[in-house]
Amino acid sequence: MRAVVQRVASASVSVDGKVISSISRGLMVLIGIGTDDTLADVDALTNKILNIRVFDANGTMWKSSVKDIAGEVLCVSQFTLMANTTKGNKPDFHRAMPSNASRELYATFLEKMRGLYVSDRIQDGQFGAMMNVSLTNEGPVTLTLDTRKFEYVSVSGGTDKKSSENGNKVAKNQTADVAGSRSAASVNPGPTDSGVDVS
């Protein structure tokens with residue numbers, strides 16, 4: 001799963017010219033769901049979103065989470081986050097989970113968010129609709145989170161052989177961690193400490 005998290009003074013979602021959801025200070029979160037994402041990814045991402053420290057406190061930066069400031073969260077499902085743009089100029093969305101399955105997992109994601117925080121402080125867009133999103137980014141502060149970063153991004157580029165080998169070794173370990181988390185999730189679908197890396 002991928003998320004783009006923005007610290008906002010306010011945000012809203014409109015469908016057909018009508019505002020359907022709005023928040024004051026808090027987080028605007030776009031959510032992308034991959035083809036093989038599971039409950040382990042949901043657990044990892046919800047915990048990270050609610051606990052990442054992007055707000056200031058008593059003059060100290062990066063001190064408080066959205067929960068610490070009693071802020072709100074506006075979530076919008078966004079399959080385009082899963083686009084592969086490495087070849088050609090047309091985005092490839094094959095890594096995005098199909099609509100029906102992603103609708104269910106996204107609903108689980110929202111339920112988990114509301115269960116971990118205050119339910120009415122978690123707002124939502126309209127799944128599958130053409131939405132207009134408006135926000136005032138405070139900072140601006142924008143972060144990307146990815147529960148499968150070593151699977152989605154290959155370790156390559158202008159590195160020497162030794163650093164490339166080290167990177168590949170880390171990637172294999174991280175992939176193994178995710179695989180283990182998925183197995184645990186399939187055996188025990190309840191909330192778990194998945195150990196999935198989100199950064």
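Here the UniProt record's numbering is used: position 143 in the sequence shown is 143, and no number is missing along the way. The beta carbon of each residue, even a glycine, is placed where N, CA and C say it ideally should be. Fair warning: this is a prediction, and the values are worked out from it, not measured in the lab.
query	result
Cβ neighbours of arginine 95 in the same chain (closer than 7 Å, five flanking residues each side left out)	Gly34, Thr35, Met82 and Asn84
Beta-carbon spacing of isoleucine 142, methionine 1 below 7 Å	Just to set this straight, residue 142 is threonine in the shown sequence, not isoleucine. Going by C-beta atoms, threonine 142 is not nearer than 7 Å to methionine 1.
Nearest candidate by alpha-carbon position, reference leucine 45, set Ser64, Met130 and Gly32	Gly32
Cβ-Cβ distance between isoleucine 23 and leucine 74 below 7 Å	yes
Backbone CA spacing between leucine 145 and glycine 59 [nearest angstrom]	26 Å
Arginine 121 versus glycine 17: straight-line alpha-carbon distance, rounded	23 Å
Nearest residue (CA-CA) to phenylalanine 109, options Phe93, Thr38, Glu72 and Gln6	Thr38
Beta strand (DSSP E) segment containing phenylalanine 93, residue limits	Looking at the DSSP string, phenylalanine 93 is not in any beta strand (DSSP E), and its letter there is neither H nor E.
Where methionine 82 sits in the DSSP three-state scheme	helix
Rounded straight-line distance, which links the Cα of threonine 80 to that of methionine 131	13 Å
Beta-carbon spacing of leucine 116, methionine 28 below 7 Å	no
Beta-carbon contacts of phenylalanine 127 that lie in its chain and below 7 Å, excluding the five residues immediately before and after	Ser77, Arg103 and Tyr106
Three-state class that DSSP yields for phenylalanine 109 in the structure shown	helix
Span separating the alpha-carbon of residue 253 from that of glutamate 72	The requested residue 253 does not occur in the structure, where the chain is confined to residues 1 to 199.
Aspartate 124 - containing beta strand (DSSP E), residue span	122–124
Residue environment, valine 8, which counts as buried when at least 16 other CB atoms sit within 10 Å	buried
Same chain only: Cβ atoms within 6 Å of isoleucine 69, ignoring 5 sequence neighbours per side	Phe55
Inter-residue spacing [alpha-carbon to alpha-carbon] between alanine 129 and leucine 50	25 Å
For threonine 86 and valine 13, the rounded distance between their alpha carbons	30 Å
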